[in-house]
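Working notes, beginning with the structure itself.
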Amino acid sequence: MPFVRIDTLRAGPERLAALGRAVHDALVETIGIPPDDRFQVLVDHDGASSTFRYDDYLGVHRDDGIVYVAITLRSGRTPARKQALYRRIAELAHTYAGTEPRNVFIVLTENGPADWSLGEGRAQYLGAPRA
């Protein structure tokens, strides 16, 4: 059960929705997330009241087309599977939303079963198989 936050700069609702779809489809394809397991916060910053800061760290030239993708999910995926996820998100972001792969910045945070409550004030994953 991943929780995804996507932040863009002046992307507009259609591009933002396409990016959400790209991330979700990549999660389903690469790490086996169920298709109905979608929890996303999609935020488009206007550049005036809220904006981004970025540089060309590690030689990757970024511009205002940058997309920040933060994914929180339960631990247990291999580095190879995570790399496949990053690659697929970048591919689908380009295909669905026209976002250059160099502008797709992803951070993945892992945690354990006790760190999730999916409603009703309970930690549903305690004692449940990994999802």
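Numbered per the numbering used here, the sequence shown spans residues 1 to 131.
By construction, the Cβ of each residue, glycine as well, lies at the ideal position given by its N, Cα and C atoms.
Note that the structure is predicted; figures quoted are calculated from it, not measured.
- For Ile71, the CB contacts under 6 Å within the same chain, skipping 5 residues up- and downstream, are Pro2, Val4 and Leu108 in chain order.
- With respect to the 9 Å criterion, Gly112 and Ser75 are classified as neighbours on the basis of their beta carbons.
- Taking 9 Å as the cut-off, the beta carbon of Arg88 is found closer than this to the beta carbon of Asp25.
- In this structure, the alpha-carbon of Glu100 lies about 18 Å from that of Arg53.
- Within 10 angstroms of the beta-carbon of Leu58 lie fewer than 16 other beta-carbons, which makes it exposed.
- Secondary structure of His94 (DSSP, three-state): helix.
- With respect to the C-alpha of Pro79, the residue from Ile31, Ala22, Arg15 and Leu16 having the closest C-alpha is Ile31.
- Secondary structure at Tyr68: strand, using DSSP grouped into helix, strand and coil.
- Distance from the CA atom of Ala17 to the CA atom of Leu118, rounded to whole angstroms, is 23 Å.
- A buried status is given to Arg15, since no fewer than 16 other beta-carbon atoms sit within 10 Å of its beta-carbon.
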